[in-house]
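*Asks:*
Residue numbers (our numbering): 10 to 297.
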């Protein structure tokens with residue numbers, strides 16, 4: 010279940026993953042930011058060097074640089090609701106101090122941060138319910154469902170900011186200006202339309218008349234990754250789409266996504282997804 014912008018770019022994807030103890034995907038990252046909640050079963054979330062035990066009702070939050078993997082307990086049917094969303098889904102139409110704060114839990118974490126929201130905090134149950142409501146909105150597609158999905162996502166972040174001591178408030182910085190939003194959108198559109206071409210940092214900065222240093226800082230501050238990392242993730246994302254929807258061989262897909270040789274393609278694909286392109290074509294399921 011997905012939401013796209015007017016240009017067809019993916020903004021938000023929501024899915025329910027049903028797993029058992031045979032599930033053994035290697036630690037991986039995603040281009041998008043991620044929220045997930047456990048619907049049934051027990052297991053563990055391995056996130057970088059931390060391990061979180063999982064039970065129904067747990068809510069997990071991940072940024073786009075944290076390697077993570079799910080492990081399901083033996084004899085357990087495990088189900089969790091996973092929401093992936095592009096950072097621009099938040100910042101693209103938001104430019105005041107309050108709205109910018111919605112991203113701080115991903116980018117400016119304090120010493121008390123936990124990827125698994127505190128089970129004893131009453132706000133966790135409310136956030137769990139909001140995620141189920143988002144699922145219902147996307148499934149039913151009633152009038153204005155896209156707006157309702159965004160409102161519920163913003164409410165989740167407002168609950169986190171208000172009820173958890175997870176943010177390093179000393180690192181809070183000013184929000185995006187209208188001009189910064191325009192520049193970021195221009196570069197992101199250019200990247201998405203030219204993934205099969207050579208994309209150099211200096212050229213991207215020149216496109217919006219900024220120095221490479223300032224452009225890189227601006228880009229990472231609001232996307233969580235550097236321009237180079239963003240391009241790699243988007244190329245892998247495009248490769249996954251082509252693997253799923255075409256009969257192109259993997260060499261053709263690598264070239265169509267801007268990888269200049271098969272070795273770089275396989276290396277980048279495995280780093281991002283924890284899998285090989287060939288295994289993705291055989292199995293086709295989403296990574297968790």
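No residue lacks a Cβ here, since even glycine has one placed at the ideal position from N, Cα and C.
Between which two residues does the alpha helix (DSSP H) holding residue 149 run?
*Replies:* 131-149
*Asks:* In the DSSP assignment, what are the bridge partners of residue 24?
*Replies:* 91
*Asks:* Can you confirm whether the region 52-63 touches the region 186-203 when touching is taken to mean that 3 or more C-beta pairs between the two stretches lie within less than 8 Å?
*Replies:* no
*Asks:* Restricting to Cα atoms, I'd like to know which of 246, 131, 74, 37 is closest to residue 282.
*Replies:* 37
*Asks:* Where does the unbroken alpha helix (DSSP H) through residue 45 begin, and where does it stop?
*Replies:* Boundaries for residue 45: no alpha helix (DSSP H) harbours it, while the beta strand (DSSP E) harbouring it runs 42-49, taken from the DSSP string.
*Asks:* Determine the extent of the beta strand (DSSP E) in which residue 13 is found, giving its start and end residues.
*Replies:* Where residue 13 is concerned, the enclosing beta strand (DSSP E) starts and stops at 11-13.
*Asks:* Look at the Cβ atom of residue 68, then the Cβ atom of residue 164, and state whether they are nearer than 8 Å.
*Replies:* no
*Asks:* Could you check what DSSP says for residue 60 in three-state terms: helix, strand or coil?
*Replies:* strand
*Asks:* Taking the alpha carbon of residue 194 as the reference point, which residue from 95, 89, 135 has its own alpha carbon closest?
*Replies:* 95
*Asks:* Using a Cβ-Cβ cut-off of 8 Å (strictly less than) and excluding sequence neighbours within five positions of residue 137, which residues of its own chain qualify?
*Replies:* 46, 66, 68
*Asks:* Since residue 236 and residue 204 should fall inside the 8 Å C-beta cutoff, what is the C-beta to C-beta distance between them, to a whole number of angstroms?
*Replies:* In fact, because the Cβ distance is near 13 Å, the residues do not count as touching under 8 Å.
*Asks:* Which of the three DSSP states, helix, strand or coil, is assigned to residue 208?
*Replies:* Residue 208: coil per DSSP, three-state reduction.
*Asks:* State buried or exposed for residue 249, treating a residue as buried only when at least 16 other CB atoms are found within 10 Å of its CB.
*Replies:* buried
*Asks:* Should residue 120 go down as buried or exposed, given a rule of 16 or more other Cβ atoms within 10 Å for buried?
*Replies:* exposed
*Asks:* Using a Cβ-Cβ cutoff of less than 7 Å, which residues in the same chain neighbour residue 271 once the five nearest sequence positions on both sides are dropped?
*Replies:* 260, 263
*Asks:* Buried or exposed for residue 35, going by 16 or more other Cβ atoms inside 10 Å?
*Replies:* exposed
*Asks:* Leaving out five residues on either side along the sequence, give the residues of the same chain with a beta carbon under 7 Å from the beta carbon of residue 177.
*Replies:* Taken in chain order, the residues that qualify are 117, 118, 119.
*Asks:* Mind checking residue 139: buried by the 16 CB within 10 Å criterion, or exposed?
*Replies:* buried
*Asks:* Assign residue 86 to buried or exposed, taking buried as 16 or more other Cβ atoms, counted over all protein chains shown, within 10 Å of its Cβ.
*Replies:* exposed
*Asks:* Cα separation between residue 234 and residue 93?
*Replies:* 16 Å
*Asks:* Return helix, strand or coil for residue 71, following the three-state DSSP convention.
*Replies:* strand
*Asks:* Could you tell me which of 152, 228, 64, 113 sits nearest to residue 89, measuring between CA atoms?
*Replies:* 64
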